[in-house]
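So the structure is just underneath, and the comments pick up after that.
In the working numbering, the protein residues as written are 11 to 422.
Below you can see the structure in the form of C-alpha cells.
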C-alpha cells in the first residue's frame with residue numbers, strides 16, 4: 011500500500027470508526043482476497059461495531075497494494091460511497107510540511123550544587139531538554155532538542171505484557187523455572203511504577219503466547235506513547251535474519267524472537283509507528299557456558315555458582331528440510347523504534363537462582379536507582395556491567411538497538 015493511502019486511512023479513521031457499517035463488508039473482503047476467513051473471524055471478535063471498524067482500518071494497511079482500491083470499491087458496492095469519497099479526498103490532500111524548530115543558541119548561567127538533572131525550557135517556539143552535570147569547578151552543558159528524545163506524555167505511557175512460563179509439560183523435557191515468579195513480580199511492580207498498564211500471563215503454550223502477542227499488537231495504541239513486552243521462559247538458538255534466539259512455550263515449541271518483534275513493527279502495528287517498542291528477554295541464547303577470562307582489575311569476586319544455580323538453555327534444533335522456518339524469513343521492512351534487550355549473549359546460557367535471575371534482579375535494581383536521571387541505553391550498560399561481574403560462570407546481557415532517539419522513563 012502506498013504511503014499516501016496509509017495516510018488517508020489514518021486521517022479518516024475517526025470518521026470511519028463512527029460511521030462504517032462493517033457487517034456487509036466481510037463477505038466481499040474475503041471474496042476479493044483482501045482478508046482470509048480466519049483473519050475476518052478475528053476482526054469480528056474485536057468487540058463492538060466501532061472496535062471492529064477500528065481494527066479493520068488498522069489491519070487494512072498491511073494487506074498489500076490492491077487493498078485500498080478494493081476497499082473503496084466494496085464501500086461503494088455496499089452503499090457507503092460517502093466514506094469512499096472521504097478517503098479519496100484525504101488521499102489527494104498534501105502531507106503536512108514538517109515544522110521547523112527554532113534552534114537559536116541560548117546562554118544560561120548555572121549556579122548551585124553539583125547536580126545531574128533534566129528540565130525543559132522554551133526559546134521561541136521550540137522546547138528543549140537540557141542535561142547538565144557539574145564536573146569539579148567546571149559545568150558542562152548538553153542540550154537536546156525534542157526530536158532527540160521520545161515523548162512520553164500519555165498516562166499510562168503504554169501497555170506492558172509479561173509472559174511468564176514456569177512449569178513445562180513432561181513431553182517438552184524442560185525443567186521448572188524456579189525463581190521466575192519472583193522475577194515476574196519484580197518487573198510487574200517496576201513497570202507499574204513507571205506508569206505502564208501491566209498485563210501478566212503465566213504458563214502459556216507457544217500458540218497461546220502468539221495469540222497474546224498478536225492481541226496486543228492489534229490493539230489501538232494511538233493514544234499511548236510506548237509498548238513493552240517481557241518474556242520469561244526457556245530459550246534456544248534459532249535460524250534467524252534479524253533478531254537471534256527463540257523462546258519456548260510450555261508445550262516445548264519454540265517461537266523465534268524476530269517473529270515476536272515483527273508483530274509490532276511499522277507494517278503490522280501502524281498505531282505504534284514512530285513510538286518506542288521495548289522487548290526484555292530472560293531466556294538462554296544457547297548452551298555454551300562462559301568461564302570468562304582473567305583480567306587485572308578490581309571486579310567483585312563472587313562465589314562460584316551453587317547447586318541451586320540453573321540456566322534457561324535448551325539445545326539448538328535446526329529446521330527440518332532445506333527450507334527455513336517461514337515465520338523467521340525477513341519479508342518486512344527493517345524495524346525502527348525497536349529495542350530488544352537479551353539477558354545473555356547469543357549462544358550462551360542465562361543463569362537463574364531460586365531468588366530469581368541475575369538479569370532481572372539487576373535490571374530491576376538499576377531501573378529503581380537510575381530511571382529518574384538516565385536514558386535506557388545507559389541503564390542497560392549498567393546492567394551488563396553488573397551482571398558480567400557475577401559468578402565463576404559468566405554472563406553478559408546485550409541488546410539489539412533500533413531506537414532513533416533517547417528513551418527516558420517517566421517516574422512518579
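Ideal placement from N, C-alpha and C gives every residue a C-beta, glycine not left out. Keep in mind that this is a model prediction, so the values were computed, not measured.
Item: Grab me the residues of residue 56's own chain with a C-beta within less than 6 Å of its C-beta, minus the 5 sequence neighbours each way, in chain order.; Value: 62, 65
Item: Going by Cα to Cα distance, which pick from 101, 84, 189 is closest to residue 243?; Value: 189
Item: Whose C-alpha, out of 160, 265, 415, is nearest the C-alpha of residue 214?; Value: 265
Item: State the DSSP-derived secondary structure class of residue 242, mapped to helix, strand or coil.; Value: strand
Item: Is it right to say residue 183 is buried, meaning 16 or more other beta carbons lie within 10 angstroms of its own, or is it exposed?; Value: exposed
Item: Am I right that residue 288 and residue 349 are in contact with their C-beta atoms under 8 Å? What's the rounded C-beta distance?; Value: 5 Å
Item: Do residue 196 and residue 374 come within 8 Å of each other at the CB atom, strictly closer than that value?; Value: yes
Item: Whole angstroms are fine: how far does the CA of residue 380 sit from the CA of residue 4?; Value: This structure cannot settle anything about residue 4, because the visible part of the chain is limited to 11 through 422.
Item: Here's the rule I'm using: 16 or more other beta-carbon atoms within 10 Å means buried, otherwise exposed. How should residue 366 be labelled?; Value: buried
Item: Once the 5 residues before and after residue 45 are set aside, which same chain residues still bring their CB inside 6 Å of it?; Value: 39
Item: Nearest to residue 199 by CA position, among 50, 172, 19, is which residue?; Value: 172
Item: Helix, strand or coil: which one does DSSP assign to residue 279?; Value: coil
Item: Would you please state the rounded distance, in angstroms, between the beta carbons of residue 159 and residue 416? I believe it to be under 8 Å.; Value: 5 Å
Item: The alpha helix (DSSP H) that contains residue 194, what's its start and end?; Value: 190 to 203
Item: Does residue 175 come out as helix, strand or coil in the three-state DSSP assignment?; Value: coil
Item: For residue 78, I'd like the list of residues in its chain whose CB is within less than 7 Å of its CB, leaving aside the five on either flank, ordered along the chain.; Value: 11, 15
Item: With a threshold of 6 Å on Cβ separation, who are the neighbours of residue 263 within its own chain once the five nearest residues in sequence on each side are excluded?; Value: 216
Item: Within 10 angstroms of its Cβ, does residue 353 collect 16 or more other Cβ (buried), or is it exposed?; Value: buried
Item: Report the partner residues of residue 416 according to the DSSP bridge assignment.; Value: 159
Item: Enumerate in chain order the residues of its own chain whose CB-to-CB distance from residue 192 is below 8 Å, with the five nearest sequence positions on each side excluded.; Value: 365, 366
Item: Going by beta carbon distance, what residues of the same chain come within less than 7 Å of residue 26, once the five residues before and after it are set aside?; Value: 63, 67, 93
Item: If you follow the alpha helix (DSSP H) that residue 351 is in, where does it begin and where does it stop?; Value: Note, residue 351: premise wrong, no alpha helix (DSSP H); beta strand (DSSP E) at 348 to 352.
Item: Using the C-alpha atoms, what's the distance from residue 421 back to residue 377?; Value: 10 Å
Item: Ordered along the chain, which non-local residues of its own chain (more than five positions away) have a Cβ less than 6 Å from that of residue 42?; Value: 80
Item: What does residue 292 pair with, by DSSP beta-bridge criteria?; Value: 242
Item: Round the Cβ separation of residue 257 and residue 241 to the nearest angstrom and send it over; I've been treating them as touching at under 8 Å.; Value: 5 Å
Item: Could you pull the DSSP bridge partners for residue 410 from this structure?; Value: 350
Item: Buried or exposed, going by whether 16 or more other CB atoms sit within 10 Å of the CB of residue 91?; Value: exposed
Item: For residue 23, tell me which candidate among 37, 186, 230 has the shortest Cα-Cα distance.; Value: 230
Item: How about residue 227 and residue 273: do their beta carbons lie closer than 8 Å?; Value: yes
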